[in-house]
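Note sheet for the following structure.
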């Protein structure tokens, strides 16, 4: 949680520094009547370095957002695959039913489902070519394949 707050402060601080650098450049140009002087050169150099720092900070924030998005996506896949089964098992055990009525989800099955989701995401992304044949992955549980 603190990483999110820290990233927010860093991005805000860098954005503020960038705006200050822009202001300094404009003031330097205005005081020099739009002529190139040592002050305008220094202001432009400071602006450029501040801009690079801002870009690097934004890139780091984007990497953080992407990693969190990926983690949330993975957790959603796991929750989707295991959540309802776990809840049904709890409900059935509370009712005194046989636990073997609902088959558990194996790690292999979860990996297959994850690959299927990744392939679908790749197919749905803009610019993906659907002309390349992809191996078919059956998303049905092993029990359903006989039907």
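In our numbering, the protein residues as written are 3 to 149.
Note that beta-carbon positions come from the ideal geometry of N, C-alpha and C, so glycine has one too.
Whether residue i touches residue j by CB criterion (9 Å)
| i | j | result |
| --- | --- | --- |
| residue 63 | residue 119 | no |
| residue 42 | residue 30 | yes |
| residue 66 | residue 20 | no |
| residue 46 | residue 70 | no |
| residue 76 | residue 25 | no |
Spatially closest choice to residue i from the options, by CA coordinates
| i | options | result |
| --- | --- | --- |
| residue 111 | 122, 18, 79 | 79 |
| residue 51 | 16, 10, 114 | 16 |
| residue 49 | 35, 18, 61 | 18 |
| residue 11 | 121, 59, 122 | 59 |
| residue 123 | 35, 72, 32 | 72 |
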